[in-house]
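Just so you know, the sequences run in chain order R and F.
All you need for this note's numbering is the position in the first sequence, starting with 1, plus 336.
All you need for this note's numbering is the position in the second sequence, starting with 1, plus 2.
Idealized CB from N, CA, C, for every residue including glycine.
Note that the structure is a prediction, hence the values are computed from the model and not measured.
Reviewing the structure listed below.
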Amino acid sequence: MRETRLWSLHILVIPIIAVLLGMHFALMHYAPVFYDVSVDEAREFSTMIERGKSMTQFVVYTLLLIAGLYHGLYGLRGILRELPLTPTLVKVVDIGILIFGLMIFALGMYVTWWTFNAPLGG
Amino acid sequence: MADTKQITFRVRRFDPDTDSAPHWDSYTLNVPDGMTVLEALHQIKAEKEPTLAWRSSCRMGVCGSCGMFINDLPMLACQTQVLHLNADAVTVAPLPNYPNVKDLVPNLEPLIEKHAAIKPFIIHPNSKEVDEPTGEFIQSAEEREAFSQFTYCIKCGLCLSACPTVATDPLFLGPQALAQAYRYTADNRDCGLKERLVALDAFHGPYQCHMAGACSQACPKGVDPAFGIQLLKRTLVLDSIGFGNKPKHVAKVMPLADVVKQIEEFAPPPRTVK
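Now the structure itself:
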């Protein structure tokens, strides 16, 4: 993909991250309100796992993971490629960041999927 | 006689034949009101240091040869009056972000190479008409206004030396070349965006601009290259999603007979004084 598309995508995910991050903060801070539990209960592992089983949470965190990873790693690539690199190192940076991103995505998806499918009560 | 003020000039000196590193020399002059930094350098060369080297030509801010780093800002020496700097000491160094040839002479090759990379000329699909014109390409005042300010660039290179991104990423095309890329792309006679994409749609193209805006502040001709880069980004994004096709709107040719007719129509009134 050429730079214009990569850059456009990195700009395009900014409003998506803003909305999803807002939802994340709302889910975290207002969990007692949304799930009708006490503040202490909202912090318990079992309650957290229960929250993770909702489809909304699964979708929000999957999208946030994709958008955040792309935006962050595109920025990291920009910082690294501003260094005086040889053409070989440029390829190493590009491929390295892609592999690193896929690894973090796999880990994030594993956690999100595990939480979504975890037996009730953890 | 006009009032004068004693000013100390700290000039960075470097002779690649004899020096291993640059050093600073100081010269004191009585500076009258209106004297430019370029005139001060001429006086230093005439009276104190005949080996001092710099590049200059027109003395009136047109040729863009005398770009220098004056009191830590890139400026044209011929356009900068010493007393307007409001300082008792004036430092003069070669433009940063360029290799140094000698004393105050920068090597402007990076500027020229980047400028050439964006193909700074009209690329028209009708090459026969360009080579053997049968008329004039039609361009309205509004169409010209779309890129007019960017035509004032004198290639002095001050914007590149002010740019913090060029300082860290020497491969970045820089404000001059990118603003010129927009200048030609926005021209309704031009159809060369696809040919320029090799240079523009790349990592070191417009997306490396950190929007510091130092280029626009440094430009001695009032061009706003930072704005040109943003307009170029918009052009490239629209092109990437299929909204950048211009061939339909590319300038039509007005036959020479019509051009002559129009010239006659707008001819000046007859002379009243013989």
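Own chain partners of L113(F) with C-beta closer than 7 Å, once the 5 adjacent residues on each side are dropped | Only residues of its own chain outside the window of five on either side were considered, and among them K157, G159, L162, Q178 have a CB closer than 7 Å to the CB of L113(F), listed in chain order.
Reducing DSSP to helix, strand and coil, say where T448(R) ends up.
-> In the structure shown, T448(R) falls within a helical segment according to DSSP collapsed to helix, strand and coil.
Could you have a look at G458(R) and say whether DSSP puts it in helix, strand or coil?
-> Low confidence applies to G458(R): its pLDDT is 45, below 50, so where it sits in the model is not reliable enough to give any reading.
CB of L180(F) within 9 Å of CB of G224(F), strictly | Taking the C-beta atoms as reference points, G224(F) is found no nearer than 9 Å to L180(F).
Under the three-state DSSP convention, the category H25(F) falls into | Strand, per DSSP.
L175(F) versus S390(R): straight-line alpha-carbon distance, rounded | Taken atom to atom, the span from the alpha-carbon of L175(F) to that of S390(R) is near 49 Å.
Out of curiosity, what's the CA-to-CA distance linking G36(F) and V132(F)?
-> Going by C-alpha positions, G36(F) is about 47 Å away from V132(F).
Chain-ordered neighbours of S242(F) on chain R, where CB pairs are closer than 9 Å = Here the neighbours are R338, T340, R341, S344.
Distance between R413(R) and G458(R) (C-alpha atoms, nearest Å) | Residue placement at G458(R) cannot be trusted, given a pLDDT of 45 that sits under 50; the coordinates are not used to answer.
Residues of the segment 153-178 of chain F whose Cβ lies closer than 7 Å to any Cβ of chain R, in chain order | Listed in sequence order: T170, D171.
Cβ shell of L40(F) (< 6 Å), same chain only, five flanking positions each side left out = Excluding its 5 nearest sequence neighbours in each direction, L40(F) has C-beta neighbours in its own chain below 6 Å: S58, C68, A79, C80, listed in chain order.
Can you tell which of G244(F), A204(F), C155(F) has its C-alpha closest to the C-alpha of G230(F)?
-> When only C-alpha atoms are compared, the closest one is C155(F).
Taking only the alpha-carbon atoms, compute the straight-line gap between R341(R) and K104(F) and give it to the nearest angstrom.
-> Looking at the backbone, the Cα of R341(R) and that of K104(F) are separated by about 43 Å.
Buried/exposed call for N88(F), threshold 16 Cβ in 10 Å | Per the 10 Å Cβ criterion, exposed.
Look up K50(F) in the DSSP assignment and say whether it is helix, strand or coil.
-> DSSP places K50(F) outside both helix and strand once states are collapsed to three, so it counts as coil.
Are the C-beta atoms of G437(R) and some chain F residue less than 9 Å apart?
-> False, the Cβ-Cβ gap to chain F never drops below 9 Å.
Checking contacts by CB at 9 Å: is F245(F) closer than that to chain R?
-> Between F245(F) and chain R, the shortest Cβ-Cβ separation is not below 9 Å.
Cβ-Cβ separation, E51(F) to K121(F) (assumed contact under 8 Å), whole Å | Not quite, the Cβ-Cβ distance comes to about 42 Å (not below 8 Å), so this is no contact.
Quick one: what's got a C-beta closer than 7 Å to P18(F)'s C-beta in the same chain, skipping five residues either side?
-> Here the set comprises K104.
Hey, does K235(F) have any beta-carbon neighbour from chain R nearer than 9 Å?
-> Yes, contact with chain R.
Should G239(F) be flagged as near chain R, meaning a C-beta pair shorter than 9 Å?
-> For clarity, residue 239(F) is Val in the given sequence; the question names Gly instead. Output row for V239(F): interface = yes.
Within its chain, find whatever has a CB closer than 7 Å to the CB of F139(F); leave out the 5 residues flanking it on each side and keep chain order.
-> So the list reads R191, A253, V255, once near-sequence residues are dropped.
Report buried or exposed for V38(F), applying the criterion of at least 16 other Cβ atoms within 10 angstroms of its Cβ.
-> For the sequence presented, residue 38(F) should be read as Thr rather than Val. The C-beta of T38(F) has 16 or more other C-beta atoms within 10 Å across all chains shown, which makes the residue buried.
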